[in-house]
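Chains as they are written, first to last, in the numbering used here: chain W, 4 to 156; chain V, 4 to 156.
Structure first, then comments.
Number of protein chains: 2
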Amino acid sequence: MGTLADDIEAYLKRLLSEMEQGTLDIRRTDLADRFQCVPSQINYVLKTRFTTRHGYVVESRRGGGGYIRIVRLTPVGRSQIYSWAYDKAGRTLSKQGTEYLLARLEDAGALQNRDVALIRNVIDQETHHLEQPLADIVRASLLRSLLTVVMGS
Amino acid sequence: MGTLADDIEAYLKRLLSEMEQGTLDIRRTDLADRFQCVPSQINYVLKTRFTTRHGYVVESRRGGGGYIRIVRLTPVGRSQIYSWAYDKAGRTLSKQGTEYLLARLEDAGALQNRDVALIRNVIDQETHHLEQPLADIVRASLLRSLLTVVMGS
DNA sequence: GCAGCGAAGGTCAGGAAAGGTCAAAGGGCG
DNA sequence: CGCCCTTTGACCTTTCCTGACCTTCGCTGC
């Protein structure tokens, strides 16, 4: 027995799977209409089940001719290791912590050696001039972002 | 799905791309006529889609023999767009500045639409909870890093 | 020369058509 | 009961499109 949110999620994922290019354009009102619910319910589903964390990107436009576009980043459920690393990064991350995560990701085959090197370089360049508390915060932010983009392309 | 404004925009860009020298002269009335709309709709399109921020300059003249001229600013070449954007990002970058850079990168064919969406999302997610001065710094850092990784993969 | 007319284009405010936000109410489950 | 996830509705912001009214320019007749 699923909730309404589950049904909408499943419906969207089915539509998405039928789309080549993994991109779906849809109108919020139509969707709400089909499921006989208030439009904001759609936003709830998007916010809880279609985040970058889950491997999706959502864009939208308001006004006349407005729409909601859902883009799937990875065809099959993205690797567990990604979610794990994403969570592990947290809000603040030391240099050693970063090395540890990158090593695990490479071990798991989620990242190639060159990607690891690239990421390490970039993070270093962006943080080496920062003081302690801020550096760790920026590092976490960077790692989360870089992982999302690298694994999503 | 496009709105009328989208259609007019596309039409103008197509005409523009056919012009050598990237300059297009056209009459407002003719355009309005072709798209069956009021003339001021044309001004709306020009004001929302052909600003200098979008890489265009618009001049016009009123009165008899009046016209509207759209000039496409010479785009940054694809080979240099990356370092151009990297420099432009600088150490601090506003939300608008980010949009501008992403639009230029997409125009130049350096980034696909989905990459732009992804990057925009990630940057948003990582900065929306930050205060003004810090948000701009982190944004610049993130954009530089993401560009490096995306173009380096 | 210049006043006046007609033919451009410009501005602005308002209404309509989307989608977004947020907080409160509802509902299961330990 | 208390907590977390879901659902709803009231209210907000953005975008598009139109129409009324304004400004600028060339031309023509005096």
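Positions of the beta carbon are idealized from the N, C-alpha and C atoms, including for glycine.
Quick caveat, the model's predicted, so the values are computed rather than measured.
Within the region 76-100 of chain W, contact with chain V at the beta-carbon level (separation under 9 Å) is assigned to L76. Secondary structure remark: continuous beta strand (DSSP E) runs of at least 3 residues inside the region 7-53 of chain V, in chain order: 26-29. Closer than 9 Å to the CB of V/A138 there is not a single CB belonging to chain W.
Its chain contains no residue whose beta carbon lies nearer than 7 Å to that of W/D110 once the 5 sequence neighbours on both sides are disregarded. With respect to the C-alpha of W/T130, the residue from V/T51, V/R94, V/Q39, V/R72 having the closest C-alpha is V/R94. For V/R94, no alpha helix (DSSP H) encloses it, and the DSSP letter there is neither H nor E. Per DSSP, V/V79 is not a residue of any alpha helix (DSSP H), being assigned neither H nor E. With at least 16 other beta carbons inside 10 angstroms of its own, W/S148 counts as buried. Put simply, the CB of W/S148 is near chain V, with a gap under 9 Å to one of its CB atoms.
Counting only residues of its own chain and dropping the five nearest sequence neighbours on each side, W/S86 has no CB closer than 6 Å to any other CB. Secondary structure note for W/E129: its alpha helix (DSSP H) is the uninterrupted segment 116-130. V/G25 sits away from V/L34, with the two beta carbons spaced by 9 Å or more.
Note on W/L7: under 16 other CB atoms within 10 angstroms of its CB, so exposed under the neighbour-count rule. In the structure shown, W/S144 adopts helical secondary structure according to DSSP, grouped into three states. Apart from the 5 residues on each side of it in sequence, V/F53 sits with its Cβ closer than 7 Å to the Cβ of Y59, V61, I73 in its chain, given in chain order.
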